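Worksheet: the structure to be examined is printed underneath.
Numbering (the working numbering), first residue to last: 50 to 417.
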């Protein structure tokens, strides 16, 4: 027997895939509506997916209303018990007009940049927050921002997008990846797996740190996983700095292979200066990698400087280089930080825990 009908309105991403797969397996009837046309994860082949024309800054005003009308028709056809609106709060008026209970799930950037966004989108976000049954935030810092906009604290639940410990754990073998990338046994490997889509991820900071690291430790290699508009620029910067022999651009990596790249590495780095709870960070922690990450609220909820990782000021590539060198020169510290990170994920951020928390929210919404 089907538990309930849930319609997700969400970008196409691995996060969306994981949520719809989890609740399909729990016998919920799932439908997905999206305005995304590109996706790096496996295709969602086991549920109905409706793809709308994508919205951009240039097409927002032109396409928003037609997309809303299409969503209205789809909702009348699907007849969901709940709508789970991920990120795309600008579609909330459609759900409200159709008098459907909905849950708003925040991924981070759309809330962290809310104070600086235009008045139209800010108004739609506030409407969504006011009318939603519950807001799911993946970090405490997101919850604080929603509270500052006037949302009652009791309405917001913090649920990180947890880690599948079957895929990401210290027992994964990374030797095949090291062999494929021609990395020697005694090389130290630094990995960054954030996207090359915009300056928010600031991969340039790590690239600029590379010469400073190599001056002191020439046996270091860097794995840069990702793709996007900044890829050409980053490759040219690597060439300009004359460090190409030490850098491996690996492009997009299938999700179920990502753990092998993490376990081929010795230190995880994130240079992102605007973020909530980074799933990439949690997955690296689950694999037992010691992290060097930016000192921002989304990271400090998980990393305590000098306890289970190292923090550095965002955009300061010299400070980043120093922190990485510190871990290179202290293998015992690396091992200890990695063990503590793995323990934290087991205690606080497994995928099973996250799914159970969200299911509680769904059931509370269904009881209305």
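Even glycine gets a Cβ: it sits at the ideal position worked out from N, Cα and C. Predicted model only: the values in this text are computed from it and were never measured.
If we require 4 or more residues per run, which alpha helix (DSSP H) segments fall completely within the region 281–367? 307–312, 328–335 and 346–349
Per DSSP, what kind of secondary structure is residue 69 in: helix, strand or coil? Your numbering for residue 69 matches position 20 in the chain shown. Reduced to three states, the DSSP call for residue 69 is helix.
Please report the residue range of the beta strand (DSSP E) in which residue 186 lies. Taking the chain shown and counting its residues from 1, the one referred to as residue 186 is at position 137. Unbroken beta strand (DSSP E) run through residue 186: 183–186.
Spatial distance of residue 216 from residue 329 (CA atoms): Within the chain shown, residue 216 is the residue found at index 167, counting from 1. Within the chain shown, residue 329 is the residue found at index 280, counting from 1. So the alpha carbons of these two residues sit roughly 13 Å apart.
Three-way DSSP call (helix, strand, coil) for residue 75 in this model: Within the chain shown, residue 75 is the residue found at index 26, counting from 1. Looking at residue 75 - three-state DSSP - the assignment turns out to be coil, as it is neither helix nor strand.
Report the three-state DSSP secondary structure of residue 109 (helix, strand or coil). Position 60 of the chain shown, counting from 1, holds the residue named residue 109. Note: residue 109 maps to helix in three-state DSSP.
Mapping the DSSP letters down to three states, classify residue 210 as helix, strand or coil. Here the question's residue 210 lines up with position 161 in the chain shown. Residue 210: coil per DSSP, three-state reduction.
Could you name the residues of the same chain whose beta carbon sits closer than 7 Å to that of residue 364, not counting the 5 residues immediately before and after it, in chain order? Counted from its first residue, the chain shown places residue 364 at position 315. Cβ within range, chain order: 251, 254 and 322.
Reduced DSSP category for residue 135 - H, G, I as helix; E, B as strand; rest coil: Position 86 of the chain shown holds residue 135. It is a strand residue.
Measuring CB atoms only, is the region 135–147 touching the region 166–183, in the sense that at least three cross pairs come out at less than 8 Å? yes
Do residue 316 and residue 352 count as a contact pair if the criterion is CB distance below 9 Å? Position 303 of the chain shown, counting from 1, holds the residue named residue 352. Position 267 of the chain shown, counting from 1, holds the residue named residue 316. No; because the gap between Cβ atoms is not below 9 Å, this pair is not in contact.
Do you know how far the Cα of residue 125 is from the Cα of residue 273? Taking the first residue of the chain shown as 1, we reach residue 273 at position 224. Taking the first residue of the chain shown as 1, we reach residue 125 at position 76. When rounded, the distance between both Cα atoms is 45 Å.
Could you pull the start and end residues of the beta strand (DSSP E) that residue 151 belongs to? Looking up residue 151 in the chain shown gives position 102. It spans 151–155 - the beta strand (DSSP E) in which residue 151 sits, taken as one unbroken run.
Buried or exposed for residue 309, please, with buried defined as at least 16 other CB atoms from any protein chain shown within 10 angstroms of its CB. Your numbering for residue 309 matches position 260 in the chain shown. Burial call: buried.
Residue 342 to residue 117, Cα distance in whole Å? In the chain shown, counting from the first residue as 1, residue 342 sits at position 293. In the chain shown, counting from the first residue as 1, residue 117 sits at position 68. About 39 Å.
In its own chain, which residues sit with a C-beta less than 7 Å from the C-beta of residue 91, not counting the 5 before and 5 after it? Indexing the chain shown from 1 puts residue 91 at position 42. Note that residue 91 scores 46 on pLDDT, short of 50, meaning its location in the model is unreliable; the coordinates nonetheless yield the value given after this. Within the same chain, residue 91 has close Cβ partners 66.
Looking at the strands, I want to know which residues DSSP matches up with residue 254. Position 205 of the chain shown, counting from 1, holds the residue named residue 254. According to DSSP, residue 254 bridges with nothing at all.
Cβ of residue 146 within 9 Å of Cβ of residue 108? If you number the chain shown from 1, residue 146 lands on position 97. If you number the chain shown from 1, residue 108 lands on position 59. Not closer than 9 Å, so no.
Taking 8 Å as the threshold, find out whether the region 265–279 comes into contact with the region 291–306 through three or more Cβ pairs. yes
Considering just the uninterrupted stretch of the alpha helix (DSSP H) at residue 227, what are its terminal residues? Within the chain shown, the letter at position 178 stands for residue 227. 224–229 is the span of the alpha helix (DSSP H), which, as asked, contains residue 227.
Identify the residues that DSSP records as bridge partners of residue 422: which are they? The requested residue 422 does not occur in the structure, where the chain is confined to residues 50 to 417.
Could you pull the DSSP bridge partners for residue 270 from this structure? Here residue 270 refers to the residue found at position 221 of the chain shown. Its beta-bridge partners are 238.
Assign residue 314 to buried or exposed, taking buried as 16 or more other Cβ atoms, counted over all protein chains shown, within 10 Å of its Cβ. Translated into the one-based positions of the chain shown, residue 314 becomes position 265. Burial call: buried.
Per DSSP, what kind of secondary structure is residue 104 in: helix, strand or coil? One-based indexing of the chain shown puts residue 104 at position 55. Looking at residue 104 - three-state DSSP - the assignment turns out to be coil, as it is neither helix nor strand.
For residue 54, the residue or residues it bridges with in DSSP: Indexing the chain shown from 1 puts residue 54 at position 5. According to DSSP, residue 54 bridges with 78.
Indicate whether residue 187 and residue 209 have their beta-carbon atoms separated by less than 9 Å. Within the chain shown, residue 187 is the residue found at index 138, counting from 1. Within the chain shown, residue 209 is the residue found at index 160, counting from 1. The answer is yes: Cβ separation under 9 Å.
Taking the alpha helix (DSSP H) that residue 46 belongs to, which residues open and close that run? Nothing in the structure corresponds to residue 46, since the chain is present only between 50 and 417.
Residues in its own chain within less than 7 Å of residue 370 by CB, not counting five upstream and five downstream? The sequence position of residue 370 within the chain shown is 321, counting from 1. The residues are 258, 261 and 262.
Test item: CB-CB of residue 226 and residue 334 under 9 Å: The count along the chain shown starts at 1 and reaches residue 226 at position 177. The count along the chain shown starts at 1 and reaches residue 334 at position 285. No, Cβ-Cβ distance for residue 226 and residue 334 is not below 9 Å.
Straight-line gap, residue 222 to residue 390 (C-alpha atoms, nearest Å): By 1-based counting over the chain shown, the position of residue 222 is 173. By 1-based counting over the chain shown, the position of residue 390 is 341. Near 18 Å, if we compare the C-alpha coordinates of residue 390 and residue 222.
For a quick check, are the C-beta atoms of residue 132 and residue 57 less than 9 Å apart? Position 83 of the chain shown, counted from the start, is the residue given in the question as residue 132. Position 8 of the chain shown, counted from the start, is the residue given in the question as residue 57. In this structure, residue 57 lies closer than 9 Å to residue 132 by Cβ.
Start-to-end residues for the alpha helix (DSSP H) that takes in residue 403: Position 354 of the chain shown, counted from the first residue, corresponds to residue 403. Note, residue 403: alpha helix (DSSP H), 400–415.
Locate the alpha helix (DSSP H) running through residue 393, then write down its first and last residues. As a position in the chain shown, residue 393 is number 344, starting the count at 1. Segment 380–397, the alpha helix (DSSP H) holding residue 393.
Can you find the residues in the same chain that come closer than 8 Å, C-beta to C-beta, to residue 403, ignoring five residues on each side of it along the sequence? Stepping through the chain shown from its first residue, residue 403 is reached at position 354. Excluding residues within five positions, the ones whose Cβ falls inside 8 Å are 208, 209, 210 and 211.
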